[in-house]
Each structure stands twice: as structure tokens, then as C-alpha cells.
Amino acid sequence: SAVISQKPSRDICQRGTSLTIQCQVDSQVTMMFWYRQQPGQSLTLIATANQGSEATYESGFVIDKFPISRPNLTFSTLTVSNMSPEDSSIYLCSVERTMNTEAFFGQGTRLTVV
Amino acid sequence: EDQVTQSPEALRLQEGESSSLNCSYTVSGLRGLFWYRQDPGKGPEFLFTLYSAGEEKEKERLKATLTKKESFLHITAPKPEDSATYLCAVQTDNTDKLIFGTGTRLQVFP
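Chains as they are written, first to last, in this note's numbering: chain A, 1 to 114; chain B, 1 to 110.
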């Protein structure tokens with residue numbers, strides 16, 4: 001398995017502001033992903049965080065709204081920009097040690113936008 | 001379009017009452033099927049990976065099986081601590097990403 005530390009665990013933010021979420025893994029991993037889980041819903045992939053290059057975004061998600069960094073093999077950040085109440089959700093970091101193996105998840109960041 | 005459907009949406013069981021959760025999938029090519037458990041306010045916890053039809057995996061009171069169209073998570077003699085949402089996800093040949101179902105919310109009463 002992998003030990004994943006995600007910060008903050010929760011936050012309440014004003015609309016129009018931005019929040020950066022951090023994901024730290026206890027060892028190097030090949031793949032890092034960011035998911036969103038809206039209330040009562042399942043997980044939706046936002047993007048794959050690529051080390052040293054731009055993230056790969058899924059349909060419906062754009063870099064201007066969800067900029068992602070991955071400076072090395074153990075750390076990534078997701079920023080939720082210019083927030084609105086519709087961005088209220090749980091954001092989850094996920095890692096795979098190598099490609100096509102099981103994914104492990106952080107504890108999530110519960111974001112409320114008011 | 002690749003799709004994952006879980007049923008039932010919610011399940012209430014008496015302690016000791018065995019049952020099964022279903023995960024049906026329609027994908028172009030299955031690389032792997034994953035089961036996760038999620039407790040309220042926490043991230044999903046990995047349970048099993050299944051790769052080919054006929055494969056079975058067991059862990060304590062849980063047993064996962066796989067056919068060419070669906071997977072079952074069998075819960076034998078459940079306890080209240082088994083209460084959680086169980087998520088199924090598939091990984092296809094075309095992509096490394098996971099496609100999740102909507103989950104089954106399980107409640108086990110003493």
C-alpha cells in the first residue's frame with residue numbers, strides 16, 4: 001500500500017477565491033490522479049498529474065479552473081480556482097505505484113464554498 | 001461508452017444475514033476490476049483486484065468474483081462494522097484511469 005497525506009482535510013471558502021490542496025506520498029509512485037466526489041455521488045476523475053509536464057484533463061475539466069502541479073514523484077497539488085458553490089465537493093488524491101496496479105486514495109479534502 | 005452499474009443502491013442487513021452486491025460493466029476491453037470500501041468522511045480503501053473471468057478473491061467476510069459481464073461482492077455473516085459504501089471500478093485496455101460505479105451503501109444492524 002501507500003501512505004498518502006492530503007491537506008487540508010476540510011475548508012470553508014468564500015466564492016471567487018482559490019484553494020490549493022496538497023498530496024504527499026510516503027514513497028515514489030508512477031501515477032497520481034485527482035478525483036472529485038460530489039455529495040452522494042461516486043468518484044469522477046479530474047486529471048492525471050504528470051511529473052514534469054502538464055496534467056492530462058478529463059472531459060469537462062480545464063486547466064484554468066483546476067491547475068495541477070507535480071514537481072516530483074511523491075508530491076502533487078490541485079488548485080480549485082475562482083470557486084463557486086457548485087465546487088463544493090470532496091477532492092481526492094489517488095496514486096498507483098506502477099501503471100495498471102491498484103490505486104490508493106488519500107483521506108480527501110471536504111470543500112464547502114459559501 | 002464504457003459503463004459501470006452497481007446494485008442495489010442501498011442494502012440493509014441484519015447482523016449475520018449474508019448477501020451479495022452486484023457490479024455490472026460494459027467496457028471495450030477489461031484490464032482489471034477493483035472493489036473499494038468507503039467510510040463516511042474518508043477516502044476509498046482498496047479491497048480486491050480481479051483480472052479475469054472465473055477469478056475469486058477473499059478477505060475475512062468478503063469474497064469477490066468476476067464473470068465476463070459482472071462482479072459480485074459476497075458478504076458472509078456481516079457485522080455492524082461492515083457498514084460502509086462499497087465501490088466498484090474498472091480499468092480498461094484503452095486507458096489507465098478508473099471508471100467508478102455509484103456504489104452500494106450497506107448498513108448492517110445488530
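All C-beta atoms, glycine included, are put in the ideal place defined by N, C-alpha and C.
Residue 97 of chain A: not part of any beta strand (DSSP E); DSSP gives it neither H nor E. Note on residue 99 of chain A: under 16 other CB atoms within 10 angstroms of its CB, so exposed under the neighbour-count rule. Between residue 114 of chain A and residue 15 of chain A, the CB-CB gap stays under 9 Å.
Contact between the stretch 52–62 of chain A and the stretch 4–15 of chain A is absent: fewer than 3 CB-CB pairs across the two stretches fall below 8 Å. Taken in chain order, the members of the stretch 100–114 of chain A whose beta-carbon sits within less than 9 Å of a beta-carbon on chain B are 100, 101, 102, 103, 104, 105, 106, 107, 108, 110. Straight-line measurement puts the Cα of residue 104 of chain A at about 26 Å from the Cα of residue 19 of chain B. Using a Cβ distance threshold of 9 Å, residue 62 of chain B and residue 50 of chain B do not count as a contacting pair.
Taking the C-beta atoms as reference points, residue 48 of chain B is found nearer than 9 Å to residue 57 of chain B. Boundaries for residue 83 of chain A: no beta strand (DSSP E) harbours it, and the DSSP string shows neither H nor E there.
C-alpha of residue 52 of chain B to C-alpha of residue 85 of chain A: approximately 42 Å in a straight line. Beta-bridge partners assigned by DSSP to residue 104 of chain B: B:86. Using a CB distance cut-off of 9 Å, residue 75 of chain A does not count as an interface residue toward chain B.
Within the same chain, 105 come within 6 Å of residue 10 of chain B by CB-CB distance, once the 5 residues on both sides are set aside.
For chain A, the residues of the stretch 42–59 of chain B that bring a beta carbon within less than 8 Å of one of its beta carbons are 42, 43, 44, 45, 46, 49, in chain order. Of the candidates B:64, B:35, B:46, the residue whose Cα lies closest to the Cα of residue 54 of chain B is B:64. The contact set of residue 98 of chain B on chain A, defined by CB atoms closer than 9 Å, consists of 33, 35, 43, 45, 94, 103 in chain order.
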